[in-house]
Amino acid sequence: MTGSERAGSNGPARPVSADADDPIGRIGPNAITRLVEAIGDREGADRATAVLRDAGLDAYIEALPQRMVDEAHVAALYRAAVAALGEPLAVELAAEAGKRTGDYLLAHRIPKPAQALLRVLPPSLASFVLLKAIGRHAWTFTGSGRLVVGKGHPLPVDIVGGAIAAAGPAAGPLARFYAATFQRLYRELVSPRSTVEEHLADVEGTPACRLRLAWR
């Protein structure tokens, strides 16, 4: 998808470049740590450990990652969660993981003065400013993929490729993780009425997560 193409059907898209120089593609550790926490809280620590082992992520059993992780590890964890727990529960836990990720970002990554400013802006302007900031750091969650922001309301936002492409049958739960993260941020910083819906899409042959952000 180029700068002249669309994310959804509501107008020309604004592509936001990700850091594609790393052929591995790396993502922030929240994509792993928050899901493991959610599984452990719901199903018990032993079940969370088993899912990590099934995913081939034994290195994270003793200590969850604190730095950027290979997007393939994220995809493997979500596939293992679907296989072990079933897709409905995996989707539910992915939503909880996304909410926790949003909580983490609000507590540790988004400066408090910026949060205060966003809360007093009109929702449409707050959304614009927030997405600009998110776009500057898109590589931290798109990995080797890319973020494409459309126009209109509901606002279409595509996460193309990256871990979504690698997740295979677990792309649905991973898409829910992304949607829940965005929704947590939007409800806190744009409007408490904000909702984010997600569905899987195909962008020029590349699997994508298509979000629809609404705040009215």
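Heads up, the sequence shown is in the working numbering, so the first residue is 64 and it goes up one at a time. For every residue, glycine included, the Cβ atom is placed at its ideal position computed from N, Cα and C. Computed from a predicted model, the values in this text were never measured in an experiment.
query	result
Would you report the Cα separation of Thr205 and Gly224, rounded to the nearest angstrom?	8 Å
Which residue or residues does DSSP assign as beta-bridge partners of Ala277?	Thr258
Just to confirm before moving on: does the CB-CB distance between Glu260 and Arg250 stay below 7 Å?	no
Compare the Cα-Cα distances from Pro217 to each of Trp278, Glu125, Ala118 and Gly119 and report the closest residue.	Trp278
Checking 7 Å against the spacing of the C-beta atoms, do Glu134 and Ile90 come in under that value?	yes
Buried or exposed for Gln246, please, with buried defined as at least 16 other CB atoms from any protein chain shown within 10 angstroms of its CB.	buried
Taking the straight line between their C-alpha atoms, what separation do you get for Ala168 and Gln178?	In the sequence on display, residue 168 carries Leu and not Ala. The straight-line gap from Cα to Cα measures roughly 11 Å.
Jot down the residue ranges of each uninterrupted alpha helix (DSSP H) in the segment 117–197, minimum 4 residues, whole runs only, in chain order.	122–125, 134–148, 150–171 and 175–183
Buried or exposed, going by whether 16 or more other CB atoms sit within 10 Å of the CB of His136?	buried
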